[in-house]
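To keep things clear, I will list the structure first and then write my remarks on it.
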Amino acid sequence: MKRSFENQPDMNESQEDDYKRFVDRIIKNNREIFLLTILLDKQMCGYDLIKEIFLKFNVFLSMGNVYPTLYSLEEDEILRAEFSRGNMRSKNYSLTPKGREIALKNIEEFVRAMDHISAHIKR
Amino acid sequence: MKIVLKGVISGLGRLLSVEIPQGSVILVTGAEGTLKSGLVFSMISNYLAADGGHGLYVTLEQTKESHFKNMISLGLKKSDNLQIFDYRDMRREWRDCDLDMIKLTDEVIDFYRDKHNDLTFFALDSLNALYSLSEESNLRMQMYHFFSNLRERGLTSFLIMEVPPLMNPGQFQDRNRPEHFLADGTIELGVIEDKGGVKRYIQISKMRAAKHAMEKHQLMVDENGINILGPIY
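Dropping the structure here:
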């Protein structure tokens with residue numbers, strides 16, 4: 017059964033393969049931006065972030081990339097990590113004030129870059 | 007290119023006559039309490055502090071914090087360029103899933119290689135834990151690729167492996183295991199009892215492309231860290 021993902025346009029099978037390939041590449045190469053975008057709205061653990069990206073884009077980010085990314089962002093004081101009350105199983109990440117500022121700026125630049133590229137290759 | 011290790015531990019020059027080639031994969035074996043983690047941590051940390059570059063120390067047995075605490079208790083210092091990584095969060099949050107720890111470890115290495123283009127060292131603590139968390143089917147083939155990937159990335163790697171204590175003097179560790187064939191070098195650590203009491207020792211039993219001593223040398227740890235003294239016998 018064909019599964020539909022959030023805001024995915026209608027396509028035939030071959031278009032869908034190409035679309036998936038590009039979305040997959042963009043998200044994996046810019047995983048930090050996508051993780052920060054999700055964390056703008058709510059705090060989450062690594063497991064939920066991977067799940068959220070999968071549900072939104074049908075892209076499975078590897079744990080071996082996501083967790084080191086989260087640790088690096090925490091070291092750089094962009095994210096803070098804490099265990100939620102009564103749940104020592106998962107560590108939730110949220111943006112620090114400095115991190116929110118950096119995230120908003122980077123997201124804006126990323127969107128601008130994507131728009132610029134789209135505008136130039138659109139026929 | 008050679009990795010200049012001789013000066014990073016006091017007395018290591020007694021064992022190594024020449025430096026080891028970059029990208030060598032070295033097994034560090036020994037029973038519990040023989041300073042395997044301390045020796046590897048110390049060699050990498052001291053090298054990075056003196057010569058720069060970055061290192062990655064992956065611990066499967068302990069958390070990053072408890073490992074670090076143990077190293078501090080031995081008087082060992084951590085270089086800021088040494089990244090310690092553990093799987094605690096991943097294993098807690100994905101506890102209902104079978105994790106492919108070999109693949110995950112490869113991905114973690116790739117992440118830090120992308121982050122630091124001068125990643126020089128990799129350490130895994132321990133190979134036993136990696137085996138026990140991995141699917142047994144095809145493990146030999148997976149390990150062959152794991153070792154090859156480390157070499158191809160040019161990472162000088164130390165893989166820590168706990169082995170049962172040797173019961174008789176002169177007895178050798180079981181070298182019939184695949185990791186011994188795959189590794190470029192083997193450093194054995196142990197304890198030995200003689201009239202002077204119990205002593206820790208270090209012995210290089212194999213080191214491809216590097217001339218080395220074969221004797222067991224005494225290993226000591228004091229407030230200055232780890233020191234290698236003369237031959238035990």
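Keeping their order, the protein sequence lines are chains A and B.
Each number in this note's numbering corresponds to the 1-based position in the first sequence with 16 added.
Each number in this note's numbering corresponds to the 1-based position in the second sequence with 6 added.
C-beta: ideal position from N, C-alpha, C; glycine also.
Item	Value
Three or more C-beta pairs below 8 Å linking the stretch 228-237 of chain B and the stretch 13-31 of chain B	yes
Where D40 (chain A) falls: helix, strand or coil (DSSP)	helix
Contiguous alpha helix (DSSP H) assignments of at least 4 residues, all confined to the stretch 51-84 of chain B	70-79
Against chain A: residues of the stretch 106-136 of chain B by CB proximity under 8 Å	K109, L110, T111, D112, E113, V114, D116, F117, Y118 and K121
Separation of L66 (chain B) from R96 (chain A), as counted between CA atoms	24 Å
Selection from B:R94, B:F128 and B:L41 that minimises the alpha carbon distance to L195 (chain B)	B:L41
Inter-residue spacing [alpha-carbon to alpha-carbon] between D34 (chain A) and H73 (chain B)	46 Å
Any C-beta of chain B under 8 Å from that of P25 (chain A)	no
Cβ of Y109 (chain A) within 8 Å of any chain B Cβ	no
Whole-angstrom distance between V64 (chain B) and L130 (chain B), CA atom to CA atom	5 Å
Runs of beta strand (DSSP E) wholly within the stretch 85-132 of chain A (minimum 3 residues, chain order)	95-100 and 103-111
Beta-carbon proximity check, G44 (chain B) vs Q89 (chain B), cutoff 8 Å	no
Contact set for L156 (chain B): own chain, Cβ-Cβ below 6 Å, skip 5 residues either direction	V31 and S163
Buried versus exposed call for P184 (chain B) [16 or more other C-beta atoms within 10 Å across all chains shown]	exposed
Endpoints, alpha helix (DSSP H) assigned at K72 (chain A)	G62 to F73
Contact with chain A by R98 (chain B), beta-carbon distance below 8 Å	yes
Nearest-angstrom beta carbon gap, P84 (chain A) and F117 (chain B) [assumed within contact, 8 Å]	4 Å
Proximity to A129 (chain A) [Cα-Cα], best of A:I49, A:D26 and A:S30	A:I49
Inter-residue spacing [alpha-carbon to alpha-carbon] between T112 (chain A) and I94 (chain A)	6 Å
Q31 (chain A) in three-state terms, based on DSSP	helix
Nearest candidate by alpha-carbon position, reference T53 (chain A), set A:K121, A:D131, A:A135 and A:H136	A:K121
With 16 other Cβ atoms within 10 Å as the buried cut-off, status of G203 (chain B)	exposed
Cβ-heavy atom distance, H186 (chain B) to the ligand HEM, below 7 Å	The ligand HEM is not part of the structure shown, which contains no ligands of any sort.
Cα-Cα separation between Y63 (chain A) and M104 (chain A), rounded to whole angstroms	14 Å
Close beta carbons around L11 (chain B), own chain, < 7 Å, minus the five adjacent residues each side	L18, L22, E25, I26, M49 and Y53
Beta-carbon proximity list for P237 (chain B), same chain, < 6 Å, skipping 5 on both sides	E221 and H223
For L82 (chain B) and S51 (chain B), believed in contact at Cβ under 8 Å, the rounded distance	7 Å
L41 (chain B) (DSSP reduced to helix, strand or coil)	coil
Which listed residue (B:G29, B:R20, B:M107 and B:M213) has its alpha carbon closest to that of L125 (chain B)	B:G29
Residue-level contact to chain B via CB, Y35 (chain A), 8 Å cutoff	no
Straight-line gap, K18 (chain A) to M167 (chain B) (C-alpha atoms, nearest Å)	In this prediction, K18 (chain A) has a pLDDT of 49, which is less than 50 and means its spatial position is unreliable; what the coordinates show is noted afterwards. If you take the alpha carbons of K18 (chain A) and M167 (chain B), they lie about 47 Å apart.
Where the alpha helix (DSSP H) through N233 (chain B) begins and ends	First-last for N233 (chain B): G231 to P237, but that is the beta strand (DSSP E), not the alpha helix (DSSP H).
Residue from A:K58, A:R37 and A:V82 with nearest C-alpha to I66 (chain A)	A:V82
Cβ-based neighbour list, M7 (chain B), same chain, cut-off 6 Å, excluding 5 preceding and 5 following	Q28
Per-residue DSSP class, three states only, for L105 (chain B)	coil
Length of the line joining the Cα atoms of R119 (chain B) and Y150 (chain B)	21 Å
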